[in-house]
Every structure is written in structure tokens, then in C-alpha cells.
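Residues in the sequence shown are numbered from 1 upward in steps of one, following the UniProt record's numbering. Every residue gets a Cβ at the ideal spot worked out from N, C-alpha and C, and that includes glycine. For reference, the structure discussed in these notes is given below.
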Amino acid sequence: MSFFSEETFKDFVKQFKTQGQVSGDWELYVKNSDFTIYRKPAHDRNPNLYHYRSIGGWNDVKSETLAQVYLDLDFRKKWDKNMHSHASFKVPDEEHVGSHFEMKYPWPLSNRDYAYTMERKLVKDQEDEYQVILGESLPVSSFPEQKGVIRIGTYTQNICITPNEDGNGCYVFMDYFDDPQGSIPKSVINWAAKTGVPAFINSLRSACFQYQAENPNGVPLDSVDVIEL
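Right, here's the structure in full:
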């Protein structure tokens, strides 16, 4: 049984298709040659924090490669210096699988960890197809908490990936939110986001190059349900 409804996948693609209409509470936050990052207050979760939205793409990373790198936590251990460990687990009383991910935080802060679920679907319309990967935190009770590690109980990371015109690159639309908990000053959280979100995007691109070098013939994505938009 899917954790996310088909409508949730469709809605995220629709947001991607109208990405030029970033308005309302969204404000420009960071911009470089490949991506523009926006943010808006997370009134629905914690008004002192922000939702982040990244819009952009690369001409030299195929959509299938990015989807593989994004999903492959074993491979992530090779490129993400902030990753401490990960594990898969069966969600109690549910049919979907969860993931546990521990992230290193700089001293003197405690490490943070996540218990979450992530699902991929292929969404198609008459012109294009979109790899959509949705991730959402699970209840704290889903996976045992660890002494000395702070559980991030509110987390969302969604990404929509579609090939560019020549198929050698991709367009990317990504939303992100987490609440790091603990007594971290707001100014430190904002500084970490302003540097960390672009750094993650750059690391993701480098990881895709590494993945392509290690798998020159490509690795097929697992088959998934197809949703017609």
C-alpha cells in the first residue's frame, strides 16, 4: 500500500509545470548559474523556520542518473560527508518500508536522525514524463530513538525530475523542510540553510558524475507504477 496518494504525486508535477508562478509567501533566497532557491515561512509547522524550494537543472546529468543517486543510500555513503549511517525497516502495522538516516552535526551539537518513508512514481502527460520522489517523516515510534541523537520528527523532501530537450540533462524541482529541534539559534539555522542547501545541490551533481563513471552503461531504475496526469 502506498504511503502517498496518486493525487499527491500529480499535484507535485502540476506545481513543477507552473514553477514560474512562485508567488505569495515565497521569496528569492539564493541564486547561482544552475538553480534558484526560494523560501517561505513554515507557518503550518514552525513559524520560526522556512520551507525551501529549489528550481533549476543541469545539461550534463541525465534524469535517470539523478533519480538513482537520490534514492541509493548505499552510494550516498560515498559522497555525503554528513551521512553517519542508514538502515531500512518495516513500518509497524503498515505495508510500506521506512528508512532511518543519521546525520552528523558539528561539535558541540548532537547528531540528528530521521525515520521516514520515500516513494517514487513515474508521472506522464501527453508531452513529458516525470520521475517524482516524495519523502515524509514517520511517527517517532516507528523506529527506536538513540541515546545522544536528536530525532527530527518533522521532515519533507520532494523532488520532480524530467529530461531536458536533448535527453542528456534534466530539469529539477525540489521542496525541502525539516525542524532540527534542540536549542539552535535561529540565526545559525538560517546560515546553515543558506550554505547547506546550495552545497547539497552541488554535491548531488558531483555524485551523479561519480555514479556515471562507476556505471558507464547505466543502471536501470526499478519499475514503478505509472500515473497518467
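{"Query": "Among Val-69, Glu-165 and Tyr-52, nearest to His-43 - alpha-carbon criterion", "Result": "Tyr-52"}
{"Query": "Contact set for His-96: own chain, Cβ-Cβ below 6 Å, skip 5 residues either direction", "Result": "Phe-3 and Thr-117"}
{"Query": "Selection from Lys-90, Lys-62 and Phe-9 that minimises the alpha carbon distance to Phe-209", "Result": "Lys-62"}
{"Query": "Beta-carbon proximity list for Asp-178, same chain, < 7 Å, skipping 5 on both sides", "Result": "Ile-152, Thr-154 and Tyr-155"}
{"Query": "8 Å contact criterion, which Val-132 and Phe-9 should meet: CB distance rounded", "Result": "5 Å"}
{"Query": "The segment 138-150 contacting the segment 159-172, beta-carbon criterion three pairs below 8 Å", "Result": "no"}
{"Query": "Closest by C-alpha distance to Met-103, when choosing among Pro-185, Glu-119 and Leu-73", "Result": "Leu-73"}
{"Query": "Beta-carbon proximity of Lys-90 to Met-83, cut-off 7 Å", "Result": "no"}
{"Query": "Cβ separation of Val-226 and Tyr-130, assumed to be a contact under 8 Å, to the nearest whole Å", "Result": "Wrong, their Cβ atoms sit about 11 Å apart, outside the cutoff."}
{"Query": "Beta strand (DSSP E) segment containing Arg-45, residue limits", "Result": "From DSSP, Arg-45 is part of no beta strand (DSSP E); its letter is neither H nor E."}
{"Query": "At least 3 beta-carbon pairs within less than 8 Å: the segment 33-47 vs the segment 196-209", "Result": "yes"}
{"Query": "For Tyr-176, the residue or residues it bridges with in DSSP", "Result": "Tyr-52 and Gln-157"}
{"Query": "Option nearest Ser-110 by Cα separation, candidates Ala-207, Val-219, Gln-181 and Asn-190", "Result": "Gln-181"}
{"Query": "Alpha-carbon spacing of Arg-205 relative to Asn-217, whole angstroms", "Result": "18 Å"}
{"Query": "Residue from Leu-28, Val-30, Ser-99 and Asp-60 with nearest C-alpha to Gly-169", "Result": "Asp-60"}
{"Query": "Three-state secondary structure assigned by DSSP to Gly-196", "Result": "helix"}
{"Query": "Glu-228 vs Lys-121 beta-carbon contact at 7 Å", "Result": "no"}
{"Query": "Three-state secondary structure assigned by DSSP to Tyr-105", "Result": "coil"}
{"Query": "Residues of its chain near Glu-6, where Cβ-Cβ distance is below 7 Å and the 5 sequence neighbours each way are ignored", "Result": "Ile-227"}
{"Query": "Exposure label - Ile-184; buried when at least 16 CB within 10 Å", "Result": "exposed"}
{"Query": "DSSP-derived helix/strand/coil call for Val-13", "Result": "helix"}
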